[in-house]
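For the sequence shown, our numbering gives the first residue as 6, with consecutive numbering after it.
All residues carry an ideal CB built from backbone N, CA and C; glycine is no exception.
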Amino acid sequence: MLPAEIIMKVTEHIKQAKSTLFSIEILPPLKGKNVQSIFDGIDPLMEFKPSFVDVTYHREEYVYKKRDGGFLEKISIKKRPGTVGICAAIMNRYKIDAVPHIICGGFSKEETENALIDLQFLGIDNVLALRGDSIKSEPSFVPEPNGHSYAVDLVQQIVKMNKGKYLENEMEEVAPTNFCIGVAGYPEKHFEAPNMISDMKYLKAKIDAGGEYIVTQMFYDNKPYFDFVKKCRDAGITVPIIPGLKILTSKKQAVALPKTFKIDVPQEMLEMIEKCKNDKEAVEAGIEWAIQQSKELIKFGVPCLHFYTMGTSEATRRVASKIF
Ligand SMILES: Cc1cc2nc3c(=O)[nH]c(=O)nc-3n(C[C@H](O)[C@H](O)[C@H](O)COP(=O)(O)OP(=O)(O)OC[C@H]3O[C@@H](n4cnc5c(N)ncnc54)[C@H](O)[C@@H]3O)c2cc1C
Numbered sequence: 006m007l008p009a010e011i012i013m014k015v016t017e018h019i020k021q022a023k024s025t026l027f028s029i030e031i032l033p034p035l036k037g038k039n040v041q042s043i044f045d046g047i048d049p050l051m052e053f054k055p056s057f058v059d060v061t062y063h064r065e066e067y068v069y070k071k072r073d074g075g076f077l078e079k080i081s082i083k084k085r086p087g088t089v090g091i092c093a094a095i096m097n098r099y100k101i102d103a104v105p106h107i108i109c110g111g112f113s114k115e116e117t118e119n120a121l122i123d124l125q126f127l128g129i130d131n132v133l134a135l136r137g138d139s140i141k142s143e144p145s146f147v148p149e150p151n152g153h154s155y156a157v158d159l160v161q162q163i164v165k166m167n168k169g170k171y172l173e174n175e176m177e178e179v180a181p182t183n184f185c186i187g188v189a190g191y192p193e194k195h196f197e198a199p200n201m202i203s204d205m206k207y208l209k210a211k212i213d214a215g216g217e218y219i220v221t222q223m224f225y226d227n228k229p230y231f232d233f234v235k236k237c238r239d240a241g242i243t244v245p246i247i248p249g250l251k252i253l254t255s256k257k258q259a260v261a262l263p264k265t266f267k268i269d270v271p272q273e274m275l276e277m278i279e280k281c282k283n284d285k286e287a288v289e290a291g292i293e294w295a296i297q298q299s300k301e302l303i304k305f306g307v308p309c310l311h312f313y314t315m316g317t318s319e320a321t322r323r324v325a326s327k328i329f
């Protein structure tokens, strides 16, 4: 566990910052790899002093295997294990804050409480509270029996624990947790929301419930982010809104990312990528785009630039070297 003076909440990092902060999000490595692959991804970025490292959570997926007699057996596979352990390893090695993502999907309220107790035990005081996406075999999000349907419900549970209210009222002498809670926001609207007004209403509900800052979905055009910040402020959302950035690193990502993350790729960027003869040229173009995007965001006054590294740090290192 880190000494108390090193552990800080994301909101404290932002409050104390004299300039735009740098932070990253990493994915737990695929099943079978070890924590060294995480360190190999973070080491090259340490010179830019990330204020915190987010670690995503990936719920179980299921495959069906044919057994004797034609029966189909549902088998749970977990491709990216270890969010909690990885956070502890990062804090221990680098002496910086780790932010585990906690999701509703696949968790009952009891399991959520147990995960949060583990985090508190390890001295991890930051969490990003999310609903999670539906699993591939389900057309829309299905909560666990006795689980949460929306991120706002998860935020409420964490806030209760921060007040010392656990699920089991009979528990005696429970220590209140001390989590700083971040939530997700979507400058181009969450894909399930019927419109932006509705999405904004539920974002506001997450903040009113206790969300202390927002991290946005990735975007490649700053204009929707600027508009989103204005809409949030008009709606009475006053918390920091951290832009999330993913550097384009291959030609096919220009088509794959919009599909996976339900985001737009601006026409100017698309034309630029189409002109690239190969991925090597696409990486250069993606890095240049991210540098210009970052400079404009800093000018706008964003609290932090949060990079989705997705297991590769070289592009982020090159952008950070021009910005920080
Ligand atoms: C920064 C960031 C990090 C992420 N990290 C992960 C991760 O680690 N693991 C992972 O699995 N996924 C992750 N995701 C993906 C995220 O889980 C999905 O985008 C998911 O579909 C929505 O999550 P949410 O927390 O925004 O959900 P919510 O805030 O619950 O919103 C989901 C949808 O429901 C609507 N809604 C909300 N409340 C209500 C209500 N009470 N009634 C009706 N409608 C409502 C919203 O408008 C929205 O359309 C991340 C996303 C972002 C932006």
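Distance CB(residue i)-CB(residue j) smaller than 9 Å
i    : j    : result
I11  : E65  : no
F184 : N119 : no
P248 : I19  : no
S56  : C309 : yes
G190 : Q222 : yes
I91  : I29  : no
Y67  : G137 : no
A94  : I129 : no
W25  : I292 : Note that residue 25 is Thr in the sequence shown here, rather than Trp. No. Outside cutoff.
K36  : K84  : yes
K267 : H195 : yes
F27  : I296 : no
R238 : P49  : no
V234 : V188 : no
H106 : T88  : yes
V270 : S299 : no
L127 : M96  : yes
Separation of residue j from residue i, as counted between CA atoms
i    : j    : result
K54  : E149 : 38 Å
Q125 : G75  : 46 Å
L159 : M166 : 11 Å
D213 : L133 : 15 Å
A210 : Y218 : 13 Å
T243 : V307 : 13 Å
I5   : I278 : Outside the displayed span of the chain (6 to 329) sits residue 5, for which this structure offers no information.
M51  : A290 : 24 Å
K79  : P33  : 24 Å
K70  : A198 : 35 Å
G241 : M201 : 15 Å
R98  : K38  : 18 Å
K236 : H311 : 21 Å
K206 : A261 : 29 Å
E193 : P86  : 30 Å
P181 : I82  : 34 Å
N283 : V15  : 39 Å
V179 : Y155 : 26 Å
R72  : S142 : 19 Å
Q21  : S145 : 41 Å
V288 : N174 : 54 Å
P232 : V60  : Looking at the sequence itself, residue 232 is Asp, so the reference to Pro does not match. Looking at the two C-alpha atoms, the distance is approximately 28 Å.
Reduced DSSP category for residue i - H, G, I as helix; E, B as strand; rest coil
i    : result
E66  : strand
H18  : helix
L121 : helix
E301 : helix
I247 : strand
S42  : helix
F57  : strand
M223 : strand
N183 : coil
I31  : strand
C281 : coil
P308 : coil
P105 : strand
A156 : helix
E289 : helix
A259 : helix
G75  : helix
- Is the stretch 40 to 52 touching the stretch 304 to 321 in the sense that three or more CB pairs, one from each, lie closer than 8 Å? Using a Cβ-Cβ distance cut-off of 8 Å, the stretch 304 to 321 and the stretch 40 to 52 are in contact, since at least three pairs of beta carbons, one from each stretch, lie closer than that value.
- Message: Using 8 Å as the cut-off, can you tell me whether the stretch 228 to 238 makes contact with the stretch 252 to 264, which would need three or more C-beta pairs spanning the two stretches below that distance?
- Response: At 8 Å Cβ cutoff, the stretches do not touch.
- Are there three or more Cβ pairs, one per stretch, closer than 8 Å when the stretch 145 to 159 is compared with the stretch 107 to 116? These segments touch.
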